[in-house]
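Visitor:
In our numbering, the protein residues as written are 37 to 320.
#1: Which runs of the alpha helix (DSSP H) spanning at least 4 residues fall entirely within the region 187-235, listed in chain order?
#2: Label residue 307 either buried or exposed according to how many other C-beta atoms from any shown protein chain fall within 10 Å of its C-beta, with 16 as the threshold for buried.
#3: In whole angstroms, give me the CA-to-CA distance for residue 64 and residue 79.
#4: Assign residue 245 to one of two classes, buried (16 or more other C-beta atoms within 10 Å of its C-beta) or exposed (fewer than that).
#5: Let's see if you can read the secondary structure: which residues bound the beta strand (DSSP E) around residue 26?
#6: What's the C-alpha gap between residue 43 and residue 253?
#7: Relative to the C-alpha of residue 288, which candidate in 127, 170 and 100 has its C-alpha closest?
#8: Give me the residue from 185, 108, 100 and 198 with the minimum Cα distance to residue 175.
#9: Using the C-alpha atoms, what's the distance from residue 232 back to residue 202?
#10: Does DSSP classify residue 267 as helix, strand or coil?
#11: Quick one: residues in its chain with C-beta nearer than 6 Å to the C-beta of residue 88, no 5 flanking neighbours on either side, listed in chain order?
#12: Please report the distance separating the alpha-carbon of residue 209 from that of residue 262.
#13: Just to confirm, is the Cβ distance from residue 165 to residue 193 under 7 Å?
#14: Looking at the secondary structure, which residues open and close the alpha helix (DSSP H) in which residue 303 lies?
#15: Using CA atoms only, rank isn't needed, just tell me which of 228, 95, 67 and 259 is closest to residue 217.
#16: Going along the chain, which residues of its own chain have a beta-carbon closer than 6 Å to the beta-carbon of residue 127, five neighbours each way excluded?
#17: What number of angstroms, rounded off, separates the C-alpha of residue 204 from the C-alpha of residue 251?
#18: Buried or exposed, going by whether 16 or more other CB atoms sit within 10 Å of the CB of residue 309?
#19: Between residue 264 and chain D, is any beta-carbon pair separated by less than 7 Å?
#20: For residue 239, name the three-state secondary structure that DSSP assigns.
#21: Here's a check: name, in chain order, each residue in its chain whose Cβ is nearer than 6 Å to the Cβ of residue 98, leaving out the five neighbours to either side.
#22: Please classify residue 174: does DSSP put it in a helix, a strand, or coil?
#23: Identify the continuous alpha helix (DSSP H) that holds residue 162 and give its terminal residues.
#24: Out of 76, 108 and 75, point me to the one whose CA is closest to residue 82's CA.
#25: To which residues of the same chain is residue 131 closer than 6 Å at the C-beta, ignoring the five residues directly before and after it?
#26: Can you give the beta carbon distance from residue 234 to residue 249, rounded, assuming they're within the 8 Å contact cut?
#27: With 16 other CB atoms within 10 Å as the buried threshold, where does residue 41 fall?
#28: Taking the continuous beta strand (DSSP E) assigned at residue 14, which residues delimit it?
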């Protein structure tokens with residue numbers, strides 16, 4: 037009898053210890069998940085993804101941007117195809133980047149007209165970071181802290197924060213505030229935004245990154261009101277309330293993506309304003 041009781045107590049103790057060990061394993065595995073997913077992103081040669089952003093301020097209309105992205109790292113190829121909806125207005129935007137011997141050609145279709153611009157690869161990537169899911173997820177993993185991991189069906193939900201002290205550099209790279217017209221502002225306007233929550237979903241079997249989500253409503257509201265305070269000479273008379281600013285992007289393929297041909301229409305009809313201006317200057 038005593039042996040059975042002792043055995044039962046031992047089993048209870050072992051169960052309790054296993055429970056405690058499971059908790060610490062969850063904390064440890066969150067960092068392990070982050071490191072593994074980060075490495076997979078760095079090693080990927082290409083990706084395709086969907087992109088969505090919603091901006092809504094109190095008393096103003098809601099702006100929704102949705103689209104698809106395809107990127108091949110080397111030689112650089114990128115296609116961003118988006119639709120922006122504001123109330124009943126719809127605007128479509130199609131952009132291609134193509135590596136050439138002289139740099140990168142950027143073809144853009146806006147309101148039915150193709151334009152062409154030549155730029156360095158660095159400038160081309162910088163101008164499109166908002167849609168570069170792979171680089172932005174890498175940045176989230178590099179800057180994120182206080183990660184936790186939990187199972188969600190066949191996925192792992194990683195939740196963390198980008199500390200206020202790091203967010204200025206993160207936004208300078210990701211250009212997340214570009215759609216709200218607030219990218220490129222001085223760091224002083226970021227004061228008081230607090231830590232920014234981020235969520236990353238992973239495949240539970242492979243640990244492969246699947247998607248990310250950033251909740252930017254609070255930082256956008258504080259930044260905007262910081263700007264208005266300065267414009268008001270240190271007083272905030274009519275502040276703004278941001279109801280939603282959320283960016284989500286889901287990887288639909290990681291690696292193995294092949295570059296597609298740039299549409300013939302783009303190359304045949306695109307207007308290169310730099311060349312046009314140069315020709316006018318040479319004629320004069």
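From the three backbone atoms N, C-alpha and C, an ideal C-beta is built for every residue, glycine too.
Guide: Taking the definition as stated:
#1: For the region 187-235, the full-length alpha helix (DSSP H) segments reaching 4 residues or more read 200-210 along the chain.
#2: Classification for residue 307: exposed.
#3: Note that residue 64 scores a pLDDT of 43, beneath 50, so its modelled location is shaky; the value from the coordinates is reported in the next line. Roughly 23 Å between the two C-alpha positions.
#4: Buried, because 16 or more other Cβ atoms sit within 10 Å of the Cβ of residue 245.
#5: Examination of residue 26 is not possible in this model, given that the chain is present from 37 through 320 alone.
#6: In this prediction, residue 43 scores a pLDDT of 44, lower than 50, which makes its location untrustworthy; the coordinate-derived value is nonetheless stated afterwards. Take the alpha-carbon of residue 43 and the one of residue 253: they are about 55 Å apart.
#7: Distance check between residue 288 and each of 127, 170 and 100 places 170 closest, using alpha-carbon atoms only.
#8: Out of 185, 108, 100 and 198, 198 has the C-alpha closest to the C-alpha of residue 175.
#9: Between the alpha carbons of residue 202 and residue 232 lies a distance of about 10 Å.
#10: Here residue 267 sits in helix by DSSP.
#11: 102 and 284, listed in sequence order.
#12: Rounded to the nearest angstrom, the two C-alpha atoms are 21 Å apart.
#13: No. Outside cutoff.
#14: Segment 300-305, the alpha helix (DSSP H) holding residue 303.
#15: Minimum Cα distance to residue 217 is reached at 259.
#16: Excluding positions up to five away in sequence, the list reads 120.
#17: Roughly 15 Å separates the two Cα atoms.
#18: Under this definition residue 309 is an exposed residue.
#19: Absence of chain D from the displayed structure is noted, only one protein chain being present.
#20: The DSSP-derived three-state label of residue 239 is strand.
#21: Within the same chain, residue 98 has close Cβ partners 92.
#22: In the structure shown, residue 174 sits in a helix (DSSP, three-state: H, G or I).
#23: Looking at the DSSP string, the run of the alpha helix (DSSP H) that includes residue 162 is 157-163.
#24: Closest in alpha carbon position to residue 82, among 76, 108 and 75, is 108.
#25: Cβ neighbours of residue 131 beyond the five flanking positions: 116 and 144.
#26: The pair is a contact, with the Cβ atoms about 7 Å apart (cut-off 8 Å).
#27: Reliability of the predicted coordinates at residue 41 is poor, the pLDDT of 37 falling under 50, and no value is obtained from them.
#28: Residue 14 is absent from the structure shown; the chain starts at 37 and stops at 320.
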